[in-house]
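Residue numbers (our numbering), protein chains in the order written: chain C, 1 to 194; chain G, 195 to 388. Built from N, CA and C at the ideal position, the CB exists for glycine as well. Report on one structure; see the data block that follows.
There are 2 protein chains.
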Amino acid sequence: MKNSDKSTNPQVRRTHDLMLDAAGSLLSLGGPEAVTHLRVAAEAGVARATVYRHWPNRADILLDLLRRGANLDLVPPAADLAIEERVAGVLRGFAGALNGQSGQTLSAMIGLAEWDDDVFAALERMTQFGPKMLRNVLAACVEAGELVADTDLDLLADRLIGPLYLRRLLYHDEITDTYVEALVAATLVPQVPI
Amino acid sequence: MKNSDKSTNPQVRRTHDLMLDAAGSLLSLGGPEAVTHLRVAAEAGVARATVYRHWPNRADILLDLLRRGANLDLVPPAADLAIEERVAGVLRGFAGALNGQSGQTLSAMIGLAEWDDDVFAALERMTQFGPKMLRNVLAACVEAGELVADTDLDLLADRLIGPLYLRRLLYHDEITDTYVEALVAATLVPQVPI
DNA sequence: ACTTATGTGAGACATAGTGTACCATATGTT
DNA sequence: AACATATGGTACACTATGTCTCACATAAGT
C-alpha cells in the first residue's frame, strides 16, 4: 500500500463516513457536548481508538461536520430577473440552509470559534460563501446601473444577511419567504441611477 | 438562621461571587468548555461540592455569568437629538457591550441555547433588552412623524441590530462607531412624513 | 497468490470531570 | 450561648479523554 492516499482508501472512507454520520446525528440530537469520541465510536460501531485516529479532539470532528454541511448548493439566480427578485433568490437559498441543519451546526461552531482559531478559519470559509455570491449579484446590479455606483457593497450585504442570522441564531424563528421579501423590499429602496 | 435568604447571607454571597469571578476568568480564557466545576473550585479556592451546591451543571454557571454581564447600562438617548443621532446612540451602546465580554459570553450561549431551553430563555431575556429600547426609540420617532406611520418597527430593529451581531459573532470584527453611523445612514433613508 | 504497508479492533492505563453522599467544622443569626 | 445553615474534605461510581500496545483485517504492489 505504497503511496496510500487516505481519502481514496475504501476502508478509510467507509469508517470515516460511518463515524461522521454518527457524529451528525449525535450533534443534532444533543448538541456539541454530546459529540464525544466514546459515543461516536459506539454509535458507529467502531473502535474508540479509531475515532481518535481520525480526529484528535472534538473540535476537529465538528469541523469536518461543518465542512460537509457547507455544501449548500446555492445556485446563482437567473440574470434576467428584476434586482429585487435576484437578491431575494439568493437570500431564500441562504435562509433555507440556515433553517436546516446548517443553522444548527453554525450555532454550535460560533461558541467554539470564539476561542479556537482553527474553528474560526473553518467558520469563515463556510460563512463567506453566501455573502460572496450575494456581493457578486449586487456588483452586477451596480454594473447594470440598478444600484448607484458608490454603493458600499460589503455594508449592503451585511444589511441583507445580518437580519437572517439574527432571526435564526438569536430568536430561533424560522426565516420565512415573507420575511425575506419584506427585508429586501425595505433594504433595496428605489434609487436613482447616476 | 431562620428565614435565611440565600442572597443576603454574607457567607453565601462571598463564596458565590468568588466562584462567579473564577468562572468568568475561565470562560474568557478557555471558552465554555473550560468552565468545569473542578476548575472553578480550584480557581476560587473553594470545595468542589460547594460549586455543585450553587449550580448543578455547567449551563447554570454560564447562565449566571450571562445575567451578570447583561447589566449593560444602556441609557436611552436624549430626546432632543436628530433621529439618526438617537438611533446611533442606542446602537453605539449596544455595540460597546457586544465588543466587550458580553459578546464573548453571548457567543458561548448561542450554541448552548440551541439544545437547552433554559439557556434559550435566559438568552432571550438578555438579547431582548437592547432591541426593546431601540423599538421604543423608533416608536417615538413614528409618533413625532420622523418615520412614516406604517413602518414595521420589528423589521427595522432587526435591520439595525442584525448587522452588528453579524460583524461581532461571525466576522469577529470590532464594531466601530464609523460602522454604526454608516449603517444608520444607509438604513434610515429620508422618508416623507405623512 | 504472495508479500508488504497500513488501518482497525480490543483492551490497558493514567488522568480529568461529573454528580451524589456523608460528616465534621466554620460561619451567621437569634 | 444556642441554633441553623453553608462549607470543607473525602469517598464513591461513573463517563470521557488521550495514549499505548498487539493481534488481526484490509488494501495495494509485485
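Between the CA atoms of residue 59 of chain C and residue 12 of chain C - distance to the nearest angstrom: In a straight line, the C-alpha of residue 12 of chain C is about 20 Å away from that of residue 59 of chain C.
Beta carbon of residue 358 of chain G nearer than 9 Å to that of residue 369 of chain G: Inclusion of residue 358 of chain G and residue 369 of chain G in the CB contact set at 9 Å is warranted, their separation being smaller than that value.
Residues within the stretch 243-273 of chain G neighbouring chain C, beta-carbon criterion of under 8 Å: If the cut-off is 8 Å between Cβ atoms, the stretch 243-273 of chain G has nothing near chain C.
CB of residue 111 of chain C within 9 Å of CB of residue 218 of chain G, strictly: Contact: no.
Cutoff 9 Å: residue 104 of chain C Cβ touching any chain G Cβ: It does; some Cβ of chain G falls within 9 Å.
Residue burial classification, residue 316 of chain G (beta-carbon count within 10 angstroms, cutoff 16): Under this definition residue 316 of chain G is a buried residue.
Spatial neighbours of residue 351 of chain G in its chain, beta-carbon cut-off 7 Å, leaving aside the 5 residues before and after: Here the set comprises 325, 328, 329 and 332.
is_contact[residue 24 of chain C, chain G] using C-beta, thresh 9 Å: Residue 24 of chain C does not count as touching chain G.
Which of helix, strand or coil DSSP assigns to residue 175 of chain C: In this structure, residue 175 of chain C counts as coil in the three-state DSSP scheme.
Contacting residues, own chain, Cβ-Cβ under 7 Å from residue 104 of chain C (five flanking each side not counted): Annotation for residue 104 of chain C: 28 place their beta carbon closer than 7 Å to its own, counting only its chain and skipping 5 residues before and after.
Terminal residues of the alpha helix (DSSP H) in which residue 127 of chain C lies: First-last of the alpha helix (DSSP H) with residue 127 of chain C: 117-143.
Inter-residue CB distance, residue 213 of chain G and residue 260 of chain G (contact presumed, cutoff 8 Å): In this structure residue 213 of chain G is not in contact with residue 260 of chain G, their Cβ atoms being roughly 15 Å apart against a cut-off of 8 Å.
Chain G contact residues for residue 163 of chain C, given Cβ-Cβ distances below 7 Å: Going along chain G in sequence order, the residues near residue 163 of chain C (Cβ under 7 Å) are 352, 353 and 356.
Cutoff 9 Å: residue 145 of chain C Cβ touching any chain G Cβ: Not closer than 9 Å to any Cβ of chain G, the Cβ of residue 145 of chain C fails to qualify, so no.
Identity of the residue in C:142, C:94, C:101 and C:52 nearest residue 128 of chain C by Cα: Distances from the alpha-carbon of residue 128 of chain C to those of C:142, C:94, C:101 and C:52 put C:94 closest.
Proximity of residue 114 of chain C and residue 301 of chain G at Cβ, strictly below 9 Å: Contact flag set, yes.
Closer than 8 Å at the beta carbon, the chain G residues around residue 43 of chain C: Within chain G, no residue comes near residue 43 of chain C; the closest Cβ sits about 17 Å away, beyond 8 Å.
Contacts around residue 209 of chain G, its chain only, beta-carbon distance under 7 Å, and the 5 residues preceding and following it disregarded: Answer for residue 209 of chain G: 240 and 244, listed in chain order.
Beta carbon of residue 76 of chain C nearer than 9 Å to that of residue 87 of chain C: Between residue 76 of chain C and residue 87 of chain C, the C-beta spacing is not below 9 Å.
As assigned by DSSP and simplified to three states, the class of residue 275 of chain G: Coil.
Residue ranges of each alpha helix (DSSP H) within the stretch 31-76 of chain C, 4 or longer: The DSSP assignment places 37-44, 48-54 and 58-69 as complete runs of the alpha helix (DSSP H) inside the stretch 31-76 of chain C, in order along the chain (cut-off: 4 residues).
Exposure label - residue 342 of chain G; buried when at least 16 CB within 10 Å: Classification of residue 342 of chain G: exposed, given that the 10 Å Cβ count is below 16.
CB contact flag (residue 310 of chain G, residue 31 of chain C, <9 Å): Contact annotation: residue 310 of chain G and residue 31 of chain C have beta-carbon atoms nearer than 9 Å.
First and last residue of the uninterrupted alpha helix (DSSP H) at residue 341 of chain G: For residue 341 of chain G, there is no enclosing alpha helix (DSSP H), as DSSP marks it with neither H nor E.
Residue 290 of chain G (DSSP reduced to helix, strand or coil): Looking at residue 290 of chain G - three-state DSSP - the assignment turns out to be helix.
Residue 389 of chain G vs residue 162 of chain C beta-carbon contact at 9 Å: There is no way to answer for residue 389 of chain G, as the model of chain G reaches only from 195 to 388.
Distance, residue 319 of chain G Cα to residue 82 of chain C Cα: For residue 82 of chain C and residue 319 of chain G, the distance between alpha carbons rounds to 40 Å.
Collapsed DSSP secondary structure at residue 8 of chain C in the structure displayed: Three-state DSSP puts residue 8 of chain C in coil, outside helix and strand.
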